[in-house]
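**Q**
In our numbering, the protein residues as written are 3 to 207.
In structure tokens form, the structure reads like this:
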């Protein structure tokens, strides 16, 4: 399961791309280069249509074509958080990345959606309802925007990393962040089945 950039990375990974391939694809240039002004600015300043077209060449058209199940966190037009698990894959991924007011919402098989992180960044409860009885690993980036919902993290190994500082015009030290996340992941996995690894972060950050 993934939300926002996590949805994009998860979908690309299940589409057969390596971590290095995904890093190169997503960090090759600042996000602003792939954005276009929205023709409905009252719904969001930028359109993600160009990015969605680009993603369509990198992943299957539907969830059903992936080798393993995937869920993507979105918020629907009624303001309700939900997981999309079938239908148009590139559209669902883009909807999960469509931060309210910044990007126009995306139509996903007739359902108008935007970034699921606006309601629940980690979406643990939704994941448990979708995949009951499983343990998991969660990457929890220190909050920048969106909403952190209190949840029972038992059975989940949490890898917590500092906020990236990424902006539309710059991703910052992308390789440094990737290296740090890899190191934190190795530390957290060494303490499985359940741990929370923090790096200069207080529990209520």
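Even glycine gets a Cβ: it sits at the ideal position worked out from N, Cα and C.
Could you check how far apart the C-beta atoms of residue 154 and residue 123 are, in whole angstroms? I think they sit under 8 Å.
**A** Wrong, their Cβ atoms sit about 16 Å apart, outside the cutoff.
**Q** Rounded to the nearest angstrom, what separates residue 62 and residue 17 at their Cα positions?
**A** 7 Å
**Q** Measuring alpha carbon to alpha carbon, tell me which residue in 9, 148, 179 is nearest residue 65.
**A** For the set 9, 148, 179, the Cα lying nearest the Cα of residue 65 is the one of 9.
**Q** Give me, in chain order, the residues of the same chain whose beta-carbon lies closer than 6 Å to that of residue 200; leave out the 5 immediate sequence neighbours on both sides.
**A** Its pLDDT being 39, under 50, residue 200 is placed unreliably in this model, and the coordinates cannot settle the point.
**Q** Distance, Cα to Cα, residue 89 vs residue 111?
**A** 7 Å
**Q** Quick check on the burial criterion: 16 or more other C-beta atoms within 10 angstroms. Buried or exposed for residue 129?
**A** Taking every protein chain shown into account, the CB of residue 129 has 16 or more other CB atoms within 10 angstroms, so this residue is buried.
**Q** Would you report the Cα separation of residue 13 and residue 92, rounded to the nearest angstrom?
**A** 9 Å
**Q** Evaluate residue 169 with the Cβ neighbour count: other Cβ atoms within 10 Å of its Cβ, from every protein chain shown; 16 or more gives buried, anything less gives exposed.
**A** exposed
**Q** If you drop the 5 nearest sequence neighbours on each side, which residues of the same chain put their C-beta closer than 7 Å to that of residue 143?
**A** 163, 165, 166
**Q** Leaving aside the five residues before and after residue 204 along the sequence, list all residues of the same chain whose C-beta is less than 6 Å from its C-beta, in chain order.
**A** Any reading at residue 204 must be qualified, since the residue scores a pLDDT of 29, below 50, and its modelled position is unreliable; the value itself is stated next. Excluding positions up to five away in sequence, the list is empty.
**Q** Does the count of Cβ pairs from the segment 66–84 and the segment 100–115 closer than 8 Å reach three?
**A** yes
**Q** Going by the beta-carbon positions, is the gap between residue 3 and residue 190 smaller than 8 Å?
**A** Not a contact, by the Cβ cut-off of 8 Å.
**Q** Among residues of its own chain, excluding the 5 on either side of residue 58, which ones have a beta-carbon nearer than 7 Å to its beta-carbon?
**A** 92
**Q** When we look at the beta-carbon of residue 172 and count the other beta-carbons within 10 Å, is it buried (16 or more) or exposed?
**A** Exposed, by the Cβ-count rule.
**Q** DSSP three-state call for residue 23: helix, strand or coil?
**A** It is helical.
**Q** Using CA atoms only, rank isn't needed, just tell me which of 86, 176, 127, 156 is closest to residue 114.
**A** 86
**Q** Which of the three DSSP states, helix, strand or coil, is assigned to residue 92?
**A** helix
**Q** Could you tell me the boundaries of the alpha helix (DSSP H) in which residue 189 lies?
**A** In the DSSP assignment, residue 189 falls within the unbroken alpha helix (DSSP H) covering 176–192.
**Q** Look up residue 117 in the DSSP assignment and say whether it is helix, strand or coil.
**A** strand
**Q** For residue 83, count neighbouring Cβ atoms within 10 angstroms of its own Cβ and tell me buried if that reaches 16, exposed if not.
**A** Result: buried.
**Q** Looking at the secondary structure, which residues open and close the alpha helix (DSSP H) in which residue 127 lies?
**A** 126–132
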